[in-house]
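Remarks on the structure that follows.
There are 2 protein chains.
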Amino acid sequence: MEIETQLGYRTETGRKRRERTRYKLIEAAARLVAHQGADSATIDDFAREAKVARGTFYNYFPTREDLLEALWAHVGHVPFHRIQQAITVFDDPAKRIVATMHLVAHHADEDSIWGWLLLSMSGLSQVNVDLRAYPTPDLKLGLQSGRFSFNDLTSARDLVVSAVRAMLRARLEQRASDAYVADLARMLLLALGVREPEASELSMDPSPIT
Amino acid sequence: MEIETQLGYRTETGRKRRERTRYKLIEAAARLVAHQGADSATIDDFAREAKVARGTFYNYFPTREDLLEALWAHVGHVPFHRIQQAITVFDDPAKRIVATMHLVAHHADEDSIWGWLLLSMSGLSQVNVDLRAYPTPDLKLGLQSGRFSFNDLTSARDLVVSAVRAMLRARLEQRASDAYVADLARMLLLALGVREPEASELSMDPSPIT
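These protein sequences, in sequence, are chains A and B. The first sequence maps to residues 0 to 209 in numbering that gives the first Met the number 0. The second sequence maps to residues 0 to 209 in numbering that gives the first Met the number 0.
Structure representation (structure tokens):
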């Protein structure tokens, strides 16, 4: 029994240590990527920033991409997912698109590292897949119900994603007031076929949702 | 006289050699930046790719940024400037915005290196200044003449720039048909306050302009 307990203790300690090291690497990656972008940071940079040996790195992540995807899953994806959950309180796809715009702005105010991460990781395949996927159900729904009118789902989706990204950059660079955010949301609705004055009315920040 | 001629000859040879080396560095930078992005390439990378010593690099460009700005001036800015010149045949700012969209698509078809350069250099200050500046006069003109209606020049400008950039990326990744390009142009016009069916009519590729 005693031996088994000892073994169990050792396994538990080892697991915890592994988790800590893995987390240290992810944290280091968050700092580096937010500062210098996802493209330029090498495995050596990540290992140096986390104060582990290069060999140790490979015990946790087979490739650079694996670390970046873990980073996105840990740091980037969570608030993004929370925003997507929050907007489900609205049935109208137009309101959802507006609410996303404002929620991304607010979250960037609270957590600028997240904002810069999102911008600098846009080259990563999983990030791009997630970003392109998010407005697609609302755009399809809006088209089917006659709320929106557009010819090409791909171009509509790319316009929404690129407008949110442009707003995020402007917000982080402190060039985007709340009026800027609302106006960009208004222009997106117009682009998707919503008419004035409704586009203006809908474009304001909706009542706080959590 | 003979000494002067010799000196003149030497100076001329030296000048030509310097020009060649400078150009070699710019060419090497174009290849690297198109492949791996502007952020990640270091001075060592540029020198290695151009097959010159690191010390030689500094004889031509005091900093990494100086090389990148020379690259933009040589390779990136010229087609961009030509497109801006070409659209002056249109008086209507709406037509100019549509024509720019299509011309950027066509130029990316002919010269994908230029397209990738434009995308990967977007972090560079001079590139951003140029990109943000280009639609501003047309947007102001359109607003004054009542052709466009929007509340905030900054958000309108960012929407146009980010839509062109999204289209360029999609075109280079061969996801953007001519119909996609036209539809994105149509949505931009709607966003700027042009109504249907005019937005649809104007959004097609205008007759070839050079």
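Glycine included, every Cβ here is placed at the ideal spot set by N, Cα and C.
Asked                                                                                                                                              : Found
Against chain B, with Cβ distances strictly below 9 Å, would A:Y133 count as a contact?                                                            : no
Can you tell me whether B:Y133 is helix, strand or coil according to DSSP?                                                                         : coil
Determine, using beta carbons only, whether A:T153 comes closer than 9 Å to chain B.                                                               : yes
Determine the DSSP secondary structure at B:A33, reduced to helix, strand or coil.                                                                 : helix
What number of angstroms, rounded off, separates the C-alpha of B:F89 from the C-alpha of B:F149?                                                  : 21 Å
May I ask which residues mark the beginning and end of the alpha helix (DSSP H) holding B:L167?                                                    : 152-171
Relative to the C-alpha of A:A93, which candidate in A:S144, A:T12, A:S161 has its C-alpha closest?                                                : A:S144
Tell me whether B:D177 is buried or exposed, calling it buried when 16 or more other Cβ atoms sit within 10 Å of its Cβ.                           : exposed
Measuring only the C-alpha atoms, how far is A:L140 from B:K23?                                                                                    : 53 Å
Looking at the secondary structure, which residues open and close the alpha helix (DSSP H) in which A:H73 lies?                                    : Looking at the DSSP string, A:H73 is not in any alpha helix (DSSP H), and its letter there is neither H nor E.
For A:P134, count neighbouring Cβ atoms within 10 angstroms of its own Cβ and tell me buried if that reaches 16, exposed if not.                   : buried
Can you give the Cα-Cα distance for B:T55 and B:A46, rounded to whole angstroms?                                                                   : 8 Å
Between A:M166 and A:R9, what straight-line distance do the alpha-carbon atoms span, to the nearest angstrom?                                      : 50 Å
Using the Cα positions of A:T209 and A:V160, report the straight-line distance between them to the nearest angstrom.                               : Caution applies to A:T209, whose pLDDT of 48 falls short of 50 and renders its modelled position unreliable; the value that the coordinates give is listed next. Computed Cα separation, rounded: 22 Å.
Which residues in chain B have a C-beta closer than 9 Å to the C-beta of A:R174? List them in chain order.                                         : T153, D157
May I have the straight-line CA-CA distance separating B:I42 from A:E68, to the nearest angstrom?                                                  : 28 Å
Return the CA-CA distance between A:P61 and A:T20, expressed in angstroms with no decimal places.                                                  : 15 Å
Measure from the alpha carbon of A:A40 to the alpha carbon of each residue in A:E172, A:M120, A:S199, then state which is nearest.                 : A:M120
Candidates A:V51, A:V163, A:A169: which alpha carbon is nearest A:L188's?                                                                          : A:V163
Buried or exposed for B:E18, please, with buried defined as at least 16 other CB atoms from any protein chain shown within 10 angstroms of its CB. : exposed
Would you kindly work out how many angstroms separate the C-alpha atoms of B:I25 and A:L142, rounded to a whole number?                            : 48 Å
State the Cα-Cα distance for the pair A:G13 and A:N58, rounded to the nearest angstrom.                                                            : 13 Å
Measuring only between beta-carbons, confirm whether A:L187 sits less than 9 Å from chain B.                                                       : yes
Are the beta-carbon atoms of A:G192 and A:R156 separated by less than 9 Å?                                                                         : no
Using the beta-carbon of each residue, which ones in chain B are nearer than 7 Å to A:A72?                                                         : Those within 7 Å of A:A72 in chain B number zero; the least Cβ separation is about 23 Å.
Just checking: is the beta-carbon of B:V51 within a distance shorter than 9 Å of some beta-carbon in chain A?                                      : no
Using the beta-carbon count (16 or more within 10 Å), is A:H80 buried or exposed?                                                                  : exposed
What's the C-alpha gap between B:D91 and A:L116?                                                                                                   : 39 Å
Among A:T153, A:A98, A:D65, which has the Cα closest to the Cα of A:L183?                                                                          : A:A98
Compute the Euclidean distance between the alpha carbons of A:A190 and B:A190, then round it to the nearest angstrom.                              : 5 Å
With C-beta atoms as the reference, is B:T153 less than 9 Å away from A:R174?                                                                      : yes
So which residues on chain B does A:F147 lean against when the C-beta distance must stay under 8 Å?                                                : Here the premise fails: no neighbours, minimum Cβ distance about 10 Å.
Any idea if A:R194 is buried or exposed, counting beta-carbon neighbours within 10 angstroms, 16 or more meaning buried?                           : exposed
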